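Trainee:
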Amino acid sequence: MLEAARKMVLAARTAPKARGVNTIAISMLTGSDIQSLANTMLEIGEKEDNHIFTRDAGNLIDSAKVVVIVGTRIASLGLKTCGLCGFPDCTAKDRETDVPCAFNTGDLGIAIGSAVSIAMDARIDNRIMYTVGVAAVKMGLLGKDIKIVYGIPLSASSKNPFFDRKK
189 MLEAARKMVL
199 AARTAPKARG
209 VNTIAISMLT
219 GSDIQSLANT
229 MLEIGEKEDN
239 HIFTRDAGNL
249 IDSAKVVVIV
259 GTRIASLGLK
269 TCGLCGFPDC
279 TAKDRETDVP
289 CAFNTGDLGI
299 AIGSAVSIAM
309 DARIDNRIMY
319 TVGVAAVKMG
329 LLGKDIKIVY
339 GIPLSASSKN
349 PFFDRKK
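Counting along the sequence shown from 1, when you hit position 10 you're at 198 in the working numbering, and nothing is skipped either side.
1. Ends of the beta strand (DSSP E) at Gly259?
2. Quick check on Val209: does DSSP put it in helix, strand or coil?
3. Thinking Arg207 and Leu265 are a contact (beta carbons under 8 Å), I'd like their distance in whole angstroms, please.
4. Should Arg311 be labelled buried (16 or more other beta-carbon atoms within 10 Å of its own) or exposed?
5. What does DSSP give as the partner residues of Val337 in its beta bridges?
6. Of the residues Phe351, Ser345, Gly331, which one's Cα is nearest the Cα of Ile262?
7. Report the rounded CA-to-CA distance for Asp183 versus Val325, giving the unit in angstroms.
8. Exposed or buried, which one is Ala213 when buried takes at least 16 other CB atoms within 10 Å?
9. Should Asp333 go down as buried or exposed, given a rule of 16 or more other Cβ atoms within 10 Å for buried?
10. How would you write the range of the alpha helix (DSSP H) that Asp277 sits in, first residue to last?
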């Protein structure tokens, strides 16, 4: 699984990016780092009264051997004409520093898709989880400037533990 996770990181790193601008950050977590992440997810679940976080934290604790996290900075590409983010141009969007550029999230999706394709090719159980990403952002695992993150826990078992879970 570690070898597959390394290949997933490589696939996310080399995935195409708009205008060749890299806003993507990637890391692998194992052992006590997974436990710390799961603990943060439990805290969020309890504080927000959101069982999805506690359920997913349990999945990590019980089944995840490696977790790949992939995130993006929020940075416009400086385009004169676009508007895909809802603003007329990048200058207007840049006044709202917490609003992502459409290309940031698009590039993130491509990077995640590239990563999970490697896991699937290796027949490793996985699932893309936003809950993992929320906790990773809160912990600053990819840096303070990385604002949108998703996590991909990995497991090898007779049945994918990240699907068909209790609601």
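Beta carbons: idealized from backbone N, C-alpha and C, even for Gly.
This one's a predicted model, so the numbers in the text were calculated from it and none came from an experiment.
Mentor: Quick look at the numbers:
1. As a working mapping, residue 259 is identified with position 71 in the sequence shown. Taken as a continuous stretch (DSSP letters only), the beta strand (DSSP E) holding Gly259 covers 254 to 261.
2. Sequence index remark: in the sequence shown, residue 209 carries index 21 (1-based). Val209: coil per DSSP, three-state reduction.
3. Within the sequence shown, the letter at position 19 stands for residue 207. Within the sequence shown, the letter at position 77 stands for residue 265. At roughly 5 Å, the Cβ-Cβ gap stays under 8 Å, so Arg207 and Leu265 are in contact.
4. Numbered from its first residue, the sequence shown carries residue 311 at position 123. Exposed.
5. For the purposes of this step, residue 337 is taken as residue 149 along the sequence shown, with counting starting at 1. In DSSP, Val337 forms a bridge with Gly259.
6. If you number the sequence shown from 1, residue 262 lands on position 74. Selected option, being the one with the closest Cα: Gly331.
7. There is simply no residue 183 to check, as the chain begins at 189 and stops at 355 in what is shown.
8. Indexing the sequence shown from 1 puts residue 213 at position 25. Answer is buried; the Cβ neighbour count reaches 16.
9. If you number the sequence shown from 1, residue 333 lands on position 145. Exposed is the call here.
10. For this step, residue 277 is matched to residue 89 along the sequence shown. Segment: none, Asp277 is in no alpha helix (DSSP H) and carries neither H nor E.
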